[in-house]
Each structure stands twice: as C-alpha cells, then as structure tokens.
Amino acid sequence: MQSTPLPRYLLLVLLAILVGCAGAPPDREAKPPATADAARALEANGDFSAAAETYLAAAANQLPAARTDLRLAAAHALLRAAELNRAEQIARETVIPSGAADLTLSRDLVLAEIALGRSLPNLALQRLPETVPDNLPVALRRQHLELRARALLQAGDTLGSVSERLLLGALTDDPEAAFSNQLALLGALRTLGPALPDPETVTPELASWIVLAQLASGPPLHTVALEGELADWHARYPDHPVLPELLARIAAERQAVPAPANIAVLLPSRGPFATAAGAIRDGFLAALYADNVNINANTAPLTVRFYDSSETDTLATYAQAVTDGAEVVVGPLRKEAVTELAAATNLPAPVLALNQLGPDTAAPGTLHQYALAPEGEATAVADRAWYDGHRQIVILMPATDFGQRIAGAFRTRWEALGGVVLEERGYDPDENDFSQPITALLGLSASNSRYKSLRGLLRRPLEFEPRRRRDADAVFLVALPRQARQLKPQLAFHHAADLPVYATSHVFAPASGADANRDLDGLRFCDMPWTLGAADPALAGGLPTASGPLARLFAFGADAYHLLPYLARLQGDPEARLDAQGGLLSLDASGRVHRQLLCAEFADGLPRLLGYTPLQQLAIARPLTGPASH
57 MQSTPLPRYL LLVLLAILVG CAGAPPDREA KPPATADAAR ALEANGDFSA
107 AAETYLAAAA NQLPAARTDL RLAAAHALLR AAELNRAEQI ARETVIPSGA
157 ADLTLSRDLV LAEIALGRSL PNLALQRLPE TVPDNLPVAL RRQHLELRAR
207 ALLQAGDTLG SVSERLLLGA LTDDPEAAFS NQLALLGALR TLGPALPDPE
257 TVTPELASWI VLAQLASGPP LHTVALEGEL ADWHARYPDH PVLPELLARI
307 AAERQAVPAP ANIAVLLPSR GPFATAAGAI RDGFLAALYA DNVNINANTA
357 PLTVRFYDSS ETDTLATYAQ AVTDGAEVVV GPLRKEAVTE LAAATNLPAP
407 VLALNQLGPD TAAPGTLHQY ALAPEGEATA VADRAWYDGH RQIVILMPAT
457 DFGQRIAGAF RTRWEALGGV VLEERGYDPD ENDFSQPITA LLGLSASNSR
507 YKSLRGLLRR PLEFEPRRRR DADAVFLVAL PRQARQLKPQ LAFHHAADLP
557 VYATSHVFAP ASGADANRDL DGLRFCDMPW TLGAADPALA GGLPTASGPL
607 ARLFAFGADA YHLLPYLARL QGDPEARLDA QGGLLSLDAS GRVHRQLLCA
657 EFADGLPRLL GYTPLQQLAI ARPLTGPASH
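Sequential numbering of the sequence shown, starting at 57, is according to our numbering.
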C-alpha cells in the first residue's frame, strides 16, 4: 500500500515541533533569575556595576516596597562604582510607597552621598535633616549620622561634624565601625590644630576629645614620658569610651624614634643657593641639638657630615658619603642635582632630597622628595577656599612667570575640585595703581561701557554707579607683601569689599608688625606653623635665620632632620601625619612629602589662626543637567 505524502505545510509544522522539543543551544540557555543574593555576591566581589544591574533585574517583578528597596540598592552599588549620574537617575526615578519613611530616608541618603561625591556638601545637607525618628532602623540612623558628619566637615563646620560623630558613637556596636568613627572624629579635631577650642568652654564630652586631640598632636616622646601623658589623660577621663586600638595608634605615632646614627647632608656653600642652604643647615642642626636633649640622650652619638654640593658631580658626592658610612643622605638642594640622582639605578642609602622632580620623572624607591614648592601652597589655598564654600573665583596675579606658575597650580586644583575660574588678569608688580587690571577682573570696564552707550543714546546725564560682576564669590590673589598691601584696599575701593580674598604665604612677611598689615585685614592665606607662631619657639635658639625672610627655610631644615626616622612609617601608612614646623607632613607612594598648611585670616594686622584645611575630595562627576540636578 502506497503511503500518502504529507502536505508540505504539515512537514514544516512537525519540524518546528521537533526543534522546539530539542534542548536549546548552550549559548542560548536561560540565565538563572536575578536575585538580591546574587547581586550582593557581586557587590562583595567588587563588581559594583554588575551588582547594580542584577539588583535592577531582581526589582522588576517585586511588590512596590521590595522593588524600591532593590532599586535603591542598585543606586548605592553605582555610587561605589563612581557612576554618579546613573545612580542619581535611578534614585530620582524610584517611586517611594506612601508612608514609607524608611525608604524615603534611604533615597535621601543616596542622593546626599551623590552630592558629597560631587563635593557639594551644602546640597547634601539639604537632604539630611538634623534628626530622624528613633523608630527608623538603626542602620539607617547610623548612615544618616555618618553622612551628616562628612557633609559638615566638607562644608567647613568641623565641630558640627564632631558632634555628629559623638552621636554616631553611641549607636555603633561593631568594633571596626566604632574604630573608624573615632579615628575620623579625632582626625577632624586635629585639623583645627592650634585653633582648637579651649576645653573649659565646651561640654565635658567634647572637652575629653579635644584634650585627646592635643595629646595626639604633641611632639615625639620617649616611652616613659609618653606613657606618663597617656596615664594622666586616663586619670582625668576614667570612663572615656575611646577604644584601646585608637590609643595604641596615638602612642605609635608619638613614639620617638632615634635618628639614624650616621647622616650625610649635601648642601651648596657657594653660588646662588648658598644663603638658602645656610638657613636650612641652621634649622637642621637646631633640630638635631633639641633631639639629642629630648630623645637621643641615651643613644650613641650621632655623626653628621656636610658635603659641598655647589658645582660637584652629585652622584660622586653621594657615593663618597656612602663610602664614609652614611646611613641616610639629606639633599641635594638644586633641582638639577635631584634629577641627576633620580637617574641612578641604585641608591643604597636612602635619600631625602630637598627639592622635587617633575611630575613625569620616575624616581628610585629610596629617593624621597621634600620641597617648599609654591605650587603646593596654591593647592592648599584652593582647598581652603573650597572648604569655605566658594565655587566661582577670579584670579589676580603678577604678569610674570612666577604669577603664571602659582595661578596655574591653583587653577588646576580648583577645577579638579569642581570649581570654576571665571577670569584671570595680570598686573605689573612694579606699579602702584592697579585700577586697570582690577576693573577688568571685576567686570567694571563692561559696566562703564554700558553706561556710556546708554548715555549716548539718551543724550542726557544719568545717575550711575559702576557694578562689579556678581557671579564671582572670591578672589585668589598672587602677590608679595608690598603689592598685597596695595591690592587688597584697591579691590575694596573698586566695589569688591564683600569678596573674600585668598592668597599664598607670599603675602605675609613674618617679621612685619600689625601696623604694616592692617590693610590686609580679612585676607585669608595658608602658611607653615613656624611662621604663624604655632610652633615651639625654643627651637630657634637665638639664630638670626630662625626669623625674618629666611624663617621658612630654617623650619624646612628642621623638618628635614625630623623626617629622617619616620620615612618608613609615613610611607607604610598613607593616613599617618608628622606634626612638623612646616605643617602636617605625609608621604605618598612615590616618595613625595606633602604638607597640610595652617591657614589664617588677618585681623587687626595679625594672623588669626583658622586651623589646618582637611584634604578636599575631588569631584567625581558633574550633576545631571536639567531639573534632576537641583
């Protein structure tokens, strides 16, 4: 019997059914459903972007409250991935169920953290109420206090930040989180330096931490004296909640370490750097003498040899110092000589160079660099102006290479922080009348032009008062003392009396009296503790270089000596600081010493201390455009 052929369309249907019954190809197998557990696992492994996508996928089929929770978890993961714009978009598009106070706070915390990532602390504080209900989950309340502490510190309210951390400490039971909070609390107080409040004028709880911050910032001490100071503090505050780990860290930071027994110093005795080298040598020897009295009294005598590096072969001089037994070499001072050392493949004795290499020049691991670079001061002033809440600035500088260098360093840091430089104008430092660059800087020239045009059109006299530009909220001034004393009042005369003015230490002559500096009242600048009278004057020992125009170099030399025994500790701990004559010193991975400077404001012709400026966080991303960014 012959079989009847199937119609063609039935064959196609059967084929489709058979294909459907077969297993899917390996690359088309269905993925496991996205779950919160899978997202958390990705987050724990540091894959924050993938974790965010998994949270979002898991949220798709959830009920409203769970969906909101997972979407906010996705936004938080994107925060950790530094994808701020997308994190903000997700947080803003997330619908909060009616009456869900915990989810409302969660979203506000995400948006506040995004604002902090953009260095916008005041915007963050708008999202962070001063208090939240006690019936909210304790984890949310802790996060709220942590973010308020960070935002207040960024906004310049150090004591406000400390108050939030005191409240946070009472809610924190995890040992690691408690230590982190106490370390941040103490660090914030230490930034005030000599501007710390008198403990007698604050609450007993805050007073106990202020006294501990003062203890932590003291000079290095040998074991017996250090144990005595800590015991006195304990006796004064027997029930203090400070963790033993924090006290151990303080003790380690203040534990005196004897200087190397054999030191070589490479300094020029002739040529253009000889005077500077003499002041550095004075400071170095003064610090060494004070150390021998206070710390090294019971150790073997130190050997210090000075080598003339005026015009010699730097590598040959270094090799001779090593042959003579040097354990560490200080210097050279000239930048060219430091570059020559950096080219060496082997530096068996560590070097603390007294200048720094260019940013793109590699250095051996044993070459450390400490410099009084004016560019570093400009960076510190940018941090201070940002910390004080300014965002749009104008720059007035001498029309010289020096002015360009300082202004360029300030601009680079300012823009990295997220600020805007609206205008830059140069002036002739040999002039006394700076009206032309000031009027151009402040937009007064344009104001006058508008007036003249309008008067010409109307053909009659008009009442007129020039108006300066209103988009600037501060001035960065590059000037030496003579120019600064003329420029500050001329800025005020040209309708800028209400604009805060910032400058580097070049505006301040330490030996000048109050009468000479009254025209600088209101100007803020950053300098080293030594020249601002916030260091131990006994170190000067009556040496003429310890004050006057060479004072900063004297302090620089003292710091060079004090750094030697602490280089390894500083390089091993990025958070460690050495309280020195030149500021709070730290060391980065490339061997560069960084200075946190003490800032001050002129009042009645004298510097009024403001404290150290916390290092500012660079802006990670710009806000989204449009209403969503407000």
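Backbone N, C-alpha and C define an ideal beta-carbon position, used for all residues, glycine too.
Keep in mind the model is a prediction, meaning the values are calculated, not measured.
Quick check: residue i and residue j, are their CB atoms within less than 8 Å of each other?
{"i": "Leu201", "j": "Glu220", "result": "yes"}
{"i": "Leu342", "j": "Leu641", "result": "According to the sequence provided, residue 342 is Ala. The question's Leu does not apply to it. For Ala342 and Leu641, no; Cβs fall outside 8 Å."}
{"i": "Ala147", "j": "Leu119", "result": "no"}
{"i": "Lys544", "j": "Leu576", "result": "yes"}
{"i": "Ala616", "j": "Val386", "result": "yes"}
{"i": "Ala333", "j": "Leu323", "result": "yes"}
{"i": "Thr247", "j": "Asn237", "result": "no"}
{"i": "Ala465", "j": "Met453", "result": "no"}
{"i": "Leu159", "j": "Pro153", "result": "yes"}
{"i": "Gly173", "j": "Leu126", "result": "no"}
{"i": "Asn488", "j": "Glu383", "result": "no"}
{"i": "Gln542", "j": "Phe490", "result": "yes"}
{"i": "Ala594", "j": "Gly339", "result": "no"}
{"i": "Ala308", "j": "Asp347", "result": "no"}
{"i": "Gly661", "j": "Asp527", "result": "no"}
{"i": "Ala180", "j": "Leu196", "result": "no"}
Nearest to residue i by CA position, among the options, is which residue?
{"i": "Ser561", "options": "Leu654, Ile146, Asp213, Leu223", "result": "Leu654"}
{"i": "Asp529", "options": "Gly597, Trp442, Pro493, Ala614", "result": "Trp442"}
{"i": "Thr368", "options": "Val534, Asp103, Gly327", "result": "Gly327"}
{"i": "Asp416", "options": "Leu410, Thr422, Ala399, Leu403", "result": "Ala399"}
{"i": "Gly243", "options": "Gln546, Arg305, Asp288, Glu285", "result": "Arg305"}
{"i": "Leu241", "options": "Asp254, Ala157, Leu268, Ala372", "result": "Leu268"}
{"i": "Leu410", "options": "Val437, Ala251, Leu671, Gly647", "result": "Gly647"}
{"i": "His424", "options": "Ala116, Pro621, Ala133, Ser175", "result": "Pro621"}
{"i": "Ala372", "options": "Thr359, Ala393, Leu196", "result": "Ala393"}
{"i": "Ala265", "options": "Arg123, Ala157, His296, Val194", "result": "Note on identity: in this sequence residue 265 is Trp, with Ala being the wrong assignment. Of Arg123, Ala157, His296, Val194, the residue nearest in Cα terms is His296."}
Let me know if residue i comes out buried or exposed under the rule of 16 or more other beta-carbons within 10 Å of its beta-carbon.
{"i": "Thr669", "result": "buried"}
{"i": "Glu149", "result": "exposed"}
{"i": "Gly667", "result": "buried"}
{"i": "Asn101", "result": "exposed"}
{"i": "His290", "result": "exposed"}
{"i": "Phe549", "result": "exposed"}
{"i": "Asn402", "result": "exposed"}
{"i": "Ala130", "result": "buried"}
{"i": "Glu261", "result": "exposed"}
{"i": "Thr370", "result": "buried"}
{"i": "Gly155", "result": "exposed"}
{"i": "Gln210", "result": "buried"}
{"i": "Glu169", "result": "buried"}
{"i": "Arg64", "result": "For Arg64, the pLDDT reaches just 43, beneath the cut-off of 50, and the residue's location in the model is therefore unreliable, leaving the point undetermined."}
{"i": "Asn191", "result": "exposed"}
{"i": "Pro663", "result": "buried"}
Grouping DSSP H, G and I as helix and E and B as strand, with all else coil, what is residue i?
{"i": "Phe581", "result": "strand"}
{"i": "Gly482", "result": "strand"}
{"i": "Arg421", "result": "Position check: residue 421 holds Gly in this sequence, whereas Arg was assumed. The answer is coil: DSSP assigns Gly421 none of H, G, I, E or B."}
{"i": "Gln700", "result": "Because the chain here runs from 57 to 686, residue 700 falls outside it and cannot be looked at."}
{"i": "Gly598", "result": "coil"}
{"i": "Tyr293", "result": "coil"}
{"i": "Phe564", "result": "coil"}
{"i": "His650", "result": "strand"}
{"i": "Asn318", "result": "strand"}
{"i": "Glu186", "result": "coil"}
{"i": "Gln13", "result": "The requested residue 13 is not part of the displayed model; the chain covers only 57 to 686."}
{"i": "Tyr111", "result": "helix"}
{"i": "Val531", "result": "strand"}
{"i": "Arg664", "result": "strand"}
{"i": "Leu643", "result": "strand"}
{"i": "Gln311", "result": "strand"}
{"i": "Glu487", "result": "coil"}
Flag this pair as touching only if the stretch 538-545 and the stretch 426-445 have three or more C-beta atom pairs under 8 Å; answer yes or no.
no
Touching by the beta-carbon criterion (3+ pairs, under 8 Å), the stretch 552-568 and the stretch 434-449
yes
Inter-stretch contact at 8 Å, needing at least 3 Cβ pairs: the stretch 268-288 / the stretch 302-318
yes
Stretch pair the stretch 625-636 + the stretch 569-583: three plus CB contacts closer than 8 Å
no
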